[in-house]
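So the sequence shown is numbered by our numbering: it starts at -16 and just counts up by one.
The beta carbon of each residue, even a glycine, is placed where N, CA and C say it ideally should be.
Predicted model only: the values in this text are computed from it and were never measured.
So the structure is just underneath, and the comments pick up after that.
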Amino acid sequence: MTSNPVISALGRRLRLGVIGGGPGSFIGEVHRTAARLDDYYEVVAAVLSSDPARSRQAGQALGIARSYANIDELLQSESTRADGIDVIAIMTPNDSHYPLCCACLEQGLDIICDKPLTTSLADALDLVQRVRKSGRVFCLTHNYSGYPLARQARAMVQAGLLGEIRMVHVTYVQGHNAAVVETDPPAGLRWRMQPDKAGASLILGDIGSHAHHLACFVSGLQLTQICADVGAVIPQRQFDDYAGALLRFDNGARGVMWVTQAAAGAEHGLSIRVQGTKGGLEWQQEEPNHLKYMPLGQPVQVFSRGGPGLLPAAERATRVAIGHPEGFYEAFANLYADVAEAIIAQRSGRPADPLALDFPTVEDGARGMKFIEAALESSRSGGQWVDCTVTF
């Protein structure tokens, strides 16, 4: 049996608090499951609803030791306990991310926060400085970067197997808003339809930010310019459900992005294709355990998760043998595992495993906010090219 590195380092699991993700929340269950998968964390404190009674009731139903009425109560109480939380996970509507992160940093907590980082670039840049000043570990849950073969793709690019990157094509094509949903929206969509809670763009904040991060993560490039068209394809719809964009990257590579939640019949539809001077690769999140590699002048190869030929980054992110599928929960758990390694390394005064430091950072979140604001500016201007660079 492999020893638990967190227990070996600390003599216990990391104590995790959660904000949000209460009754009816899909992402709340994902976070709690991911945190427990490797046995590195125990969820000991929570605020699961803005309704105090409902928050306490939900926490008790989930077996969480300490359920609080509100955020202030959680932070104040946990800060005075000898067994208080080490880490906080934030899974609340977008407009609350910035104030919650600021409050948690003031309490000296490491943070795992859902994307997008904030609802404005100004807040995102301020948060970057706060995180850097605090020295805390901060992870933004662009969870698709946790898939073993997404990490294999990134590692292959880093190893030079594709040569110089020339083109990046990323799509995120969903269908759950293809029909009119406004008259009776599901609970998870209601707040996303409100710009004061979701931010200026539903489609870019919800899934465009994931597509942007995956494109940069796999290619190893940063976006420098964007020419975008953002809007609604469903007549009379009051929120955007489509974005198409041309992309330019910092090495001169070109790219294309298409994201929508209004594609009738589509399921999840996240995919990426990267082409370089020596070959290309293609990965689809709906078929996450295989990666297609197209080397120039050679037969196409397909890498299998858990199979031969994988680089260390993919091997580290793999739990079970080839042929046993791994998916969404395991990828999410890889981010939690990475954060655990970063925390225990920091507390132990040793360098962290470099392979654990590829998780999305607060800086990635700020780049994501710049992408969103630049795409909207480009769309409003009729598709003019807009700068996407960020200076910290």
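- Looking at the backbone, the Cα of residue 261 and that of residue 183 are separated by about 40 Å.
- Residue pairing of residue 180 in beta bridges, as defined by DSSP: absent, with no partner found.
- For residue 111, the enclosing alpha helix (DSSP H) begins and ends at 104 to 117.
- For residue 210, the enclosing beta strand (DSSP E) begins and ends at 206 to 214.
- DSSP, read as helix, strand or coil, puts residue 175 in helix.
- In the three-state reduction of the DSSP assignment, residue 273 falls in the strand class.
- Under the 10 Å beta carbon count, residue 42 is surrounded by 16 or more other beta carbons and is classified as buried.
- In this structure residue 206 touches residue 195 by the C-beta definition: roughly 7 Å separates them, less than 8 Å.
- Relative to residue 128, the option among 324, 360 and 200 whose CA is nearest is 200.
- Sorting 153, 149, -2 and 60 by C-alpha distance to the C-alpha of residue 266 places 153 at the top.
- Contact check between the segment 2 to 12 and the segment 101 to 109: fewer than three CB pairs, one atom from each, fall below 8 Å, which does not count as touching.
- Between residue -4 and residue -13, the C-beta spacing is below 9 Å.
- Annotation for residue -11: -4, -3, 23, 323 and 327 place their beta carbon closer than 7 Å to its own, counting only its chain and skipping 5 residues before and after.
- Using a Cβ distance threshold of 9 Å, residue 0 and residue 26 count as a contacting pair.
- Between residue 301 and the set 20, 121 and 187, the nearest pair of CA atoms involves 20.
- In this structure, the straight-line span from the alpha carbon of residue 313 to that of residue 321 is close to 12 Å.
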